[in-house]
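Please read the structure below before turning to the comments.
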């Protein structure tokens with residue numbers, strides 16, 4: 001399989017989780033477009049290329065889920081926590 005040249009493959013070099021998430025989403029779309037370009041899985045080499053790209057996309061989805069979890073944790077930790085209220089008796 002020829003090594004593809006990716007426009008958004010450098011998502012890890014982005015600064016900040018949000019920028020990495022955005023670049024990774026664009027990269028996943030690139031991989032999906034490459035996968036959509038395969039006509040069939042019948043040809044041996046093409047089938048192998050498609051399998052490798054499918055596995056690569058699955059790995060990228062795992063990274064994306066981890067980034068989303070990290071972003072959600074950051075948002076939760078930045079927001080004030082509501083503990084509760086106790087009625088006052090005067």
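In this note's numbering, the protein residues as written are 1 to 90. C-beta: ideal position from N, C-alpha, C; glycine also.
Legend entry - Cβ contact (3+ pairs, closer than 8 Å) linking the stretch 10 to 21 and the stretch 67 to 76: Cβ pair count under 8 Å is three or more, so yes.
Legend entry - Coarse secondary structure for residue 8, derived from DSSP in three states: The answer is coil: DSSP assigns residue 8 none of H, G, I, E or B.
Legend entry - Where residue 14 falls: helix, strand or coil (DSSP): Correct three-state label for residue 14: coil.
Legend entry - residue 88 (DSSP reduced to helix, strand or coil): Coil, per DSSP.
Legend entry - Given residue 16 as reference, the closest of 36, 71 and 88 once Cα atoms are compared: With distances taken between CA atoms, residue 16 lies nearest to 71 out of 36, 71 and 88.
Inset, instruction - With a 10 Å radius around its C-beta and 16 neighbouring C-beta atoms as the bar for buried, classify residue 6 as buried or exposed. - result: Counting every other CB atom within 10 Å of its CB across the protein chains shown gives residue 6 a total below 16, marking it as exposed.
Inset, instruction - Sort 57, 13, 47 and 74 by Cα distance to residue 33 and report the nearest one. - result: Comparing Cα-Cα distances from residue 33 to each of 57, 13, 47 and 74, the minimum goes to 57.
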